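J.: The structure that follows is given in the form of structure tokens.
Chains as they are written, first to last, in our numbering: chain A, 1 to 477; chain B, 478 to 850.
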């Protein structure tokens, strides 16, 4: 994996850059020492590391603007960082960049239940947004699995999803407005505590732009009243095809579950060994969860189970209590931990049309044999978001490269059947060089022109999203 | 001009030397009549993919809405964002197209629960001002691969490019629907009831107050029959007071009226569309007494339709701005002649929008100036 050439001129001006930053920020907000910078050398894509030139931790939008004006004036690249949980390397530094971390900006500015929004600083963690409103019966819907740690800033940059998207949508569907600072240091407010901003949908393109258009410092987030309750049913099948047909049958029947999770046999076995959730040893497992009052849940689950029975399940287990629900979710929620105990793993998140599920699982199995690497599949089946986990041994020379090669083959397959490279993790550096599998040169050109408008010098997170040879002319400009 | 294919459209654009008025069905245009040759999308029509089990539909931009709705209804599904029919209000004829719906980000009462058109738009293909064919997004529900130009194209009213194909998320049509109706309330009481309803766990899918006549508040719930029956009673109990019940088709008719702003259709005069914080709606309407003869508050109050027979531009824009919102002149009328149509934006955002238009449509071919005044 290549990163952009480091600017010798920027490296040579290191002391003056640090001095300029210290002139506008408190001492404790500027990190320039080797030990301190090591904390910022990578995000959750730990295979790639590089300490930055400097890291700053501003506390206000004005401080962010001051940092960006300096970086802009001195021609220094800036890599924004939320909590550093990106699985795609979205916050991976270069040696000549300033890491701009928003972690200290974590205040709740305003909570408004009558209008159902919360206004927060962007460094606040996802789960603590819900934490701020749940005592009053509300929640923030997008729930990426890193929600305990990940920041709203990163959620907006990556347009993060979660397990409940089928019903509640992803970040972009729950974002009302942002305060953002451009690379030139200009503070913009786009949208706000109302539904639609005037003019072009700039908010829509900023969300998911991987920190390349601006640094979001505040956000207005839509909050929702908590449902009265939720309960899952666990359904086991002896083939992936039948499980896929069951998912399609549930959706066609007009029931909209809040989540439909799918696990294949390798994943079921690993989770069972790890968590002892009492899962049956079968080819495919569905966990379908619905919400509402107890009677509404009973009604929906009985309809779902009737559909499932028509597909001859090997197991059908309806949760009747909080404890039973927890047990059903236990295995699924420990999937990543279970895999981590077996080996190192790489988690992909390509999305496919739900109808292509059986074909894709079959092909992944073939690829697994071909590359000699085990794969377990856990999958948000309602929305087609796959999570193949490829197991490899990081200590074995060549294994990481082999795993990356196989990952690329799986993602190409996702695109081939009508899907995409990434459903919720983002492109970052991880999938950057696969972009032309999905996009023609004109498609990428159109996207890069948007960056040209927001950041003409390509200083903001420049080495991400677009293949380096595709963005080369712009970054040099 | 009516290109029969995307390739033909691209060819026309590459060879063009004058501006176009980009047109789907021509039913929901607002703003001044554009100058230039009319470029119709009707030749690029037809549903190319519909997978009910995956909740996905892909269609040419010029596909008539009637065709889309018929295909979905046959499978018990629908476009959840409740597309308004603007023909009555705007005095237009003909039939709407799916591309026009997307270009206008046309979204009805259910927007308050499920989001706008842009929230259901999964992918687009379009021809930009250089004649390049661009695709973005796709046909899957979760997709964060590259920038989201899909959202940018929704609501751009054809000013960034001409849509050739759109891909949409569809949802099941509900088994049952019910509307609770209370009469004789003012907007303040209506807004309070709407806030209670939308803050409840009963999945209210429509919350509107008609500030005309004696005043009427409407709250809708949809879903499985038993569930709707339960939530109807649970919400009534939470609200207190007298609420009548409309079910099935009579309930649907109440929401078509709100969706299409029907009460203002037959009355001559300017109609404004104001976007604001829902709880500010009563204050804004009170401040406009004598200017707005009637108001319809949809989206729990977050969307105000104002009927202003005297025009009212200055007063409406000032009241909207004071509340932190913004106003669009949806239908022109006496007293509002020559007024800007679209909401004014702050200079920094205007310059970003100009930059985007200049880069997607460098020769200013598509609906030039449409959204800029």
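Ideal placement from N, C-alpha and C gives every residue a C-beta, glycine not left out. Being a predicted model, the structure only gives us computed values, none of them experimental.
Could you run through the stretch 129 to 159 of chain A and flag, in chain order, every residue whose CB is less than 7 Å away from some CB of chain B?
T.: Taking 7 Å as the Cβ-Cβ cut-off against chain B, the residues of the stretch 129 to 159 of chain A that qualify are 158 and 159.
J.: Does the CB of residue 527(B) have a neighbour CB from chain A at under 8 Å?
T.: By this cut-off, residue 527(B) is not an interface position.
J.: Using the rule of at least 16 other Cβ atoms within 10 Å of the residue's Cβ for burial, across every protein chain shown, is residue 478(B) buried or exposed?
T.: Classification for residue 478(B): exposed.
J.: Using a Cβ cut-off of 9 Å, pull out every chain A residue sitting near residue 596(B), in sequence order please.
T.: Within chain A, the residues near residue 596(B) are 169, 172 and 173.
J.: Are the Cβ atoms of residue 421(A) and residue 427(A) separated by less than 8 Å?
T.: A contact, by the Cβ cut-off of 8 Å.
J.: Along the chain, where does the beta strand (DSSP E) containing residue 9(A) start, and where does it finish?
T.: No beta strand (DSSP E) holds residue 9(A); the alpha helix (DSSP H) holding it covers 8 to 12.
J.: Look at the Cβ atom of residue 596(B), then the Cβ atom of residue 169(A), and state whether they are nearer than 8 Å.
T.: Yes, they are a contact pair.
J.: First and last residue of the beta strand (DSSP E) that includes residue 728(B)?
T.: Run containing residue 728(B): none in the beta strand (DSSP E); it sits in the alpha helix (DSSP H), 725 to 736.
J.: Looking at chain A, is there any beta carbon in it that lies within less than 8 Å of the beta carbon of residue 819(B)?
T.: Judged by the 8 Å Cβ criterion, residue 819(B) is in contact with chain A.
J.: Leaving out five residues before and five after residue 490(B) in sequence, what residues of the same chain have Cβ atoms less than 6 Å from its Cβ?
T.: So the list reads 604 and 608, once near-sequence residues are dropped.
J.: So if I threshold CB-CB distances at 7 Å, which residues from the stretch 820 to 835 of chain B count as touching chain A?
T.: Result list: 820, 822, 825, 826, 829, 830, 832 and 833.
J.: Which stretch, first to last residue, makes up the beta strand (DSSP E) that contains residue 304(A)?
T.: Careful: residue 304(A) lies outside any beta strand (DSSP E), inside the alpha helix (DSSP H) at 294 to 309.
J.: Does the beta carbon of residue 697(B) sit closer than 8 Å to a beta carbon anywhere in chain A?
T.: Not closer than 8 Å to any Cβ of chain A, the Cβ of residue 697(B) fails to qualify, so no.
J.: Might you give, ordered along the chain, the residues of its own chain that have their beta carbon closer than 8 Å to the beta carbon of residue 50(A), omitting 5 neighbours on each side?
T.: Result list for residue 50(A): 3, 41, 42, 92, 93, 94 and 95, in chain order.
J.: CB residue 212(A) to CB residue 465(A), shorter than 8 Å?
T.: Yes, these two residues count as a Cβ contact at 8 Å.
J.: Residue 732(B): which of 650(B), 585(B) and 824(B) sits nearest, CA to CA?
T.: Per the Cα distances, 585(B).
J.: When you compare only the Cα positions, how much space is there between residue 484(B) and residue 494(B)?
T.: Their backbone Cα atoms lie some 18 Å apart in a straight line.
J.: Using the three-state DSSP reduction, which class does residue 42(A) fall into: helix, strand or coil?
T.: Looking at residue 42(A) - three-state DSSP - the assignment turns out to be coil, as it is neither helix nor strand.
J.: Name the DSSP bridge partner or partners of residue 16(A)?
T.: Beta-bridge pairing links residue 16(A) to no other residue.
J.: Check this for me: beta carbons of residue 233(A) and residue 304(A), under 8 Å apart or not?
T.: Contact: yes.
J.: Is there a Cβ of chain B sitting closer than 8 Å to that of residue 369(A), yes or no?
T.: So no, residue 369(A) is outside the interface.
J.: On the premise that residue 251(A) lies in contact with residue 598(B), defined as a C-beta separation below 8 Å, what is that separation, rounded to the nearest angstrom?
T.: Actually they do not touch by this definition, with Cβ atoms about 19 Å apart.
J.: Below 7 Å CB to CB, which residues in the same chain sit around residue 14(A) once its five sequence neighbours on both sides are set aside?
T.: Taken in chain order, the residues that qualify are 53.
J.: Is residue 820(B) near residue 804(B), with beta carbons less than 8 Å apart?
T.: For residue 820(B) and residue 804(B), yes; Cβs fall inside 8 Å.
J.: Straight-line CA distance for residue 685(B) to residue 133(A)?
T.: The alpha-carbon atoms of residue 685(B) and residue 133(A) are separated by roughly 26 Å.
J.: Determine, for residue 195(A), whether the minimum Cβ-Cβ distance to residues of chain B falls below 8 Å.
T.: Taking Cβ atoms only, chain B reaches closer than 8 Å to residue 195(A), which makes this a yes.
J.: Helix, strand or coil: how does DSSP classify residue 345(A) here?
T.: Three-state DSSP puts residue 345(A) in a strand.
J.: Sort 292(A), 397(A) and 101(A) by Cα distance to residue 78(A) and report the nearest one.
T.: When only C-alpha atoms are compared, the closest one is 101(A).
J.: Where does residue 627(B) fall in DSSP's three states?
T.: Residue state, collapsed to three classes: helix.
J.: Does DSSP put residue 421(A) in a helix, a strand or coil?
T.: Reduced to three states, the DSSP call for residue 421(A) is coil.
J.: Pick out whichever of 814(B), 534(B), 571(B) and 810(B) has its Cα sitting closest to the Cα of residue 552(B).
T.: Comparing Cα positions, the closest option is 534(B).
J.: Does DSSP classify residue 357(A) as helix, strand or coil?
T.: Reduced to three states, the DSSP call for residue 357(A) is helix.
J.: Comparing the C-beta of residue 678(B) with each C-beta of chain A, is any distance below 8 Å?
T.: Residue 678(B) counts as touching chain A.
J.: Using CA coordinates, which residue listed in 582(B), 590(B) and 516(B) is at the minimum distance from residue 777(B)?
T.: Checked all of 582(B), 590(B) and 516(B); the closest Cα to residue 777(B) is 590(B).
J.: To the nearest angstrom, how far is the alpha carbon of residue 140(A) from that of residue 487(B)?
T.: Cα to Cα, residue 140(A) sits roughly 43 Å from residue 487(B).
J.: Looking only at C-alpha atoms, which of 48(A), 387(A), 411(A) and 64(A) sits nearest to residue 214(A)?
T.: Looking at the Cα atoms, 64(A) is the closest of the given residues.
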